[in-house]
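In the working numbering, the protein residues as written are 932 to 1095.
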């Protein structure tokens, strides 16, 4: 009888061990907390090199080793890590996409500023959209352009010429 582990294993099978739990596109790793005597857990989304979330992890009963991961803890960690990523996405979107509404000669216009964070040449697109959802005008502006009701109105009143 051969006591060695079989040569084959299912790469798609979820890992569910005391310090590593992997399932549904996420991996939880219990790691030594470098800042103190305790433990931490790092949550990685599949394909990402950096953890989406790192937080403290509970000590086990022996007060030396970490509490083992389990399905309930893993599911809570996945939910928390997903929420953290979602908040980051919302903050990035809010930083890169701004809008205001101004009154133009033919009614209200929604004016949007969409920043394109290109490493070499960042820029933004200033766009006017009428009440029917049709694009009225669009110009390329500096990525540092400050959209405000006053700057949007000035652009509209200047016949949509690119602001200086």
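Beta carbons: idealized from backbone N, C-alpha and C, even for Gly.
Helix, strand or coil at residue i [DSSP, three-state]
i            : result
residue 959  : strand
residue 1028 : strand
residue 1094 : coil
residue 1015 : helix
residue 1068 : strand
residue 935  : Confidence is the limiting factor: at residue 935 the pLDDT is only 44, short of 50, which leaves the residue's position unreliable, though a coordinate-based value still follows. If DSSP states are grouped into helix, strand and coil, residue 935 belongs with coil.
residue 946  : coil
residue 1076 : coil
Beta-carbon gap between residue i and residue j smaller than 9 Å
i            : j            : result
residue 1056 : residue 1047 : yes
residue 920  : residue 1076 : No answer is possible for residue 920: it lies beyond the span of the chain, which begins at 932 and ends at 1095.
residue 971  : residue 957  : no
residue 1083 : residue 1011 : no
residue 962  : residue 973  : yes
Endpoints, beta strand (DSSP E) assigned at residue i
i            : result
residue 987  : 984-988
residue 1044 : 1038-1047
residue 1055 : 1054-1060
residue 976  : 970-976
residue 967  : No beta strand (DSSP E) holds residue 967; DSSP gives it neither H nor E.
residue 954  : 951-954
Selected residue, minimal CA-CA separation from residue i, among the options
i            : options                  : result
residue 1029 : 1051, 1079 and 1001      : 1079
residue 1071 : 1062, 1086 and 1026      : 1086
residue 997  : 1073, 948 and 953        : 948
residue 1059 : 981, 1014, 964 and 1088  : 1088
residue 1061 : 977, 968, 1038 and 1011  : 1038
residue 977  : 994, 1013, 993 and 970   : 1013
residue 990  : 1081, 1090, 1026 and 967 : 967
residue 982  : 1033, 1008 and 1003      : 1008
residue 1068 : 992, 945 and 1094        : 1094
residue 1001 : 994, 959 and 986         : 959
residue 965  : 980, 986, 952 and 955    : 986
residue 1054 : 1027, 1033 and 1036      : 1027
is_contact[residue i, chain D] using C-beta, thresh 9 Å
i           : result
residue 957 : Reference to chain D is not applicable here, since this structure consists of a single protein chain.
Endpoints, alpha helix (DSSP H) assigned at residue i
i            : result
residue 1081 : 1080-1088
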